[in-house]
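Heads up: the structure comes next, in structure tokens.
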């Protein structure tokens, strides 16, 4: 092989080497681009997961705050209902106390309560139980009945009537009458406040 052929061979060899280097570089670039694209997709997926997670956490927090607000609103209304019932109860009690300021009027009311209780007992004889404050306001005692005093009776006034054996009992105290009305009063309060509770549920 002469010098010209050797130079020509070197040129060919160099060209082949450079071509292979370019191919290798291109392959490396393609692989790097593919890796970069894959990493970007993975990063985007992670970001989406984070976004969804934060969105879910935020929604859960908002739902919790809403439930808390609803519960708080309901608690306020329920407390108001209880307060209103207690106000009505205290008013009824106060009316009774005020009535006792006028002995004549209270005496008439007391005798009517006793008549009702004796009639409900359906007995020819028995015992009329009264708190100490009512004793002096009693105009008369029905025939066949005796009077007995009950200390510390939280009745707001009015009688408890029993037969001689104490087997049949009729309570016609003012507090007892109020307690019989209590469910109806609570029902009326509930009916008034029910739209507010429904409005809170819809909020």
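In this note's numbering, the protein residues as written are 405 to 607.
Ideal Cβ placement from N, Cα and C applies to all residues, glycine included.
For the 8 Å Cβ check, are there 3 or more pairs between the region 513 to 531 and the region 479 to 490? no
Let me make sure I understand the geometry here. Which of 580, 508, 518 has the alpha-carbon closest to that of residue 497? 580
Short of 8 Å in beta carbon distance, which residues of its chain neighbour residue 594, apart from the five on each side in sequence? Order them along the chain. 485
Count the other C-beta atoms from every protein chain shown that fall within 10 angstroms of the C-beta of residue 577, then say buried if there are 16 or more, exposed otherwise. buried
For residue 536, is the classification buried or exposed, using 16 other Cβ atoms within 10 angstroms of its Cβ as the cut-off for buried? exposed
Please identify the residue among 565, 520, 538, 445 whose C-alpha is closest to the C-alpha of residue 550. 565
Are the beta-carbon atoms belonging to residue 521 and residue 575 less than 9 Å from one another? yes
In this structure, how does DSSP classify residue 531 when only helix, strand and coil are distinguished? strand
CB residue 489 to CB residue 589, shorter than 9 Å? yes
Mind checking whether residue 514 and residue 548 have CB atoms under 9 Å apart? no
Range covered by the alpha helix (DSSP H) that runs through residue 511: 507 to 525
Can you tell me where the alpha helix (DSSP H) holding residue 538 begins and where it ends? 536 to 539
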